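With the first letter of the sequence shown counted as 1, position 293 gets the number 405 in the working numbering; the numbers rise by one all the way through. No residue lacks a Cβ here, since even glycine has one placed at the ideal position from N, Cα and C. Quantities reported herein were computed from a predicted structural model and do not represent experimental measurements. All remarks here apply to the structure that follows.
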Amino acid sequence: MKNTNRSILHKDGVSYILPFILVTSCFALWGFANDITNPMVKAFSKIFRMSVTDGALVQVAFYGGYFAMAFPAAMFIRKYSYKAGILLGLGLYALGALLFFPAKMTGDYYPFLLAYFILTCGLSFLETSANPYILSMGTEETATRRLNLAQSFNPMGSLLGMYVAMNFIQARLNPMDTVERSQLSPAEFEVLKESDLSVLIAPYLIIGLVILAMLFVIRAVKMPKNGDKNHNIDFIPTLKRIFKIPHYREGVIAQFFYVGAQIMCWTFVIQYGTRLFMSQGMEEKAAEVLSQEYKVSSINSIYPLVSDSRTL
């Protein structure tokens, strides 16, 4: 049994324990980014006195980065390496997070959308690189076990993201509800907006610095030089070839609608819960926090089921 366990992270006499730990930490980092973002639709709507539709542009920008960079990321990794893809992903992730500061200085909503887009371009590189990199860090027979182990850290990051959003952003925003904010004078509104944006950007700036530290650590550590040995990039022929495969084509369509439904539910269930609790006499801020707590509890129940299904 001992030799079997060791073989998960060993190949040809080489240990991949440290590279595995570093790359696995990236799974938690993108889980954090995903789940700190969902409550921000409501937060931005309140801070900028916008409609829910305008606030939902946060998710459009967020997942637009995934859409725009997934295939270019794969091409980049093919030309260079998994490690290069991870480093570029971390760099874009950190840049997007740190851009929250200049976005806050503008006092406008749309620079935040650009920051989210850049951030998720980085996440796209990270996810596209990290999954196959983990698979390559050992024997082919134990590849699935390695990937399952690494993926188990993703929900930890997700739960941390929800916790930070709930306790360090939502709970610290000014308790004025939407109606009270609409009655403020322009000068009062600007002061309040400045204060709330300072609260909102703080976790992003911190995670940006953490990501930079991770980037330098991974850059300094000797990592396995795994990657596609064929560095030729045939963009159009590759697209034509894979879209001729029925299962691939149908899988892409199914995944598109699945992610859309998932994000709509996770984003707007918080707002639905908030309105439901407010209709029962609860103040808006308390209703938001309670709704987020219910979401965290539901995710705690769902993730073990998802993890179990992945091991089948």
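Segment limits, alpha helix (DSSP H) that includes residue i
i	result
Lys256	Residue identity check: residue 256 is Thr in the sequence provided, not Lys. Note, Thr256: alpha helix (DSSP H), Ala255 to Gln263.
Asn286	Premise fails: Asn286 is in no alpha helix (DSSP H) and is neither H nor E.
Ser163	That residue, Ser163, is in no alpha helix (DSSP H); it is neither H nor E in DSSP.
Ser236	Tyr222 to Leu247
Ala140	Ile129 to Thr149
Leu296	From DSSP, Leu296 is part of no alpha helix (DSSP H); its letter is neither H nor E.
Ala366	Pro358 to Ser391
Gly273	Asn266 to Val276
Ile120	Where Ile120 is concerned, there is no enclosing alpha helix (DSSP H), given that its DSSP letter is neither H nor E.
Leu211	Careful: Leu211 lies outside any alpha helix (DSSP H) and carries neither H nor E.
Val153	Met152 to Ile159
Closest Cα partner of residue i within the set the options
i	options	result
Ile189	Ile354, Ile348, Glu239 and Met288	Glu239
Gln171	Tyr194, Ala186, Ala182 and Ala227	Ala227
Gly177	Leu259, Tyr205 and Tyr194	Tyr205
Ala186	Lys334, Val291 and Ala242	Ala242
Gly125	Leu211, Thr136 and Met249	Met249
Val408	Met390, Tyr384, Leu388 and Trp378	Trp378
Tyr316	Leu210, Ile382, Ala332 and Phe224	Leu210
Ser294	Ser157, Tyr128 and Ile133	Ser157
Leu324	Cys138, Thr350, Phe132 and Gly269	Cys138
Ala277	Ala155, His122 and Ile120	Ala155
Integer Cβ distance of residue i from residue j, believed to fall under 8 angstroms
i	j	result
Leu304	Leu296	7 angstroms
Gln282	Gln383	Actually they do not touch by this definition, with Cβ atoms about 12 angstroms apart.
Leu285	Trp142	Not a contact, Cβ separation roughly 25 angstroms.
Ala140	Gly320	With a Cβ gap of about 16 angstroms, Ala140 and Gly320 do not count as contacting.
Ile159	Leu351	Rounded, the Cβ-Cβ distance is 41 angstroms, inconsistent with contact.
Pairwise C-alpha distance: residue j and residue i
i	j	result
Leu130	Val164	44 angstroms
Gly201	Gly393	45 angstroms
Thr254	Tyr194	19 angstroms
Thr251	Lys337	15 angstroms
Asp289	Val401	13 angstroms
Tyr370	Ala299	43 angstroms
Ile318	Tyr360	39 angstroms
Phe355	Gln367	15 angstroms
Thr256	Asn266	16 angstroms
Ser421	Asn260	Here the model assigns Ser421 a pLDDT of 39, short of 50, so the residue's position is not dependable, and the following value carries that caveat. Answer to the nearest angstrom: the Cα atoms are 10 angstroms apart.
Asn279	Leu388	21 angstroms
Lys334	Phe144	26 angstroms
Tyr245	Gly167	36 angstroms
Asn150	Ser307	21 angstroms
Arg258	Leu271	22 angstroms
Thr386	Ala399	5 angstroms
Lys397	Thr136	36 angstroms
Lys191	Val329	23 angstroms
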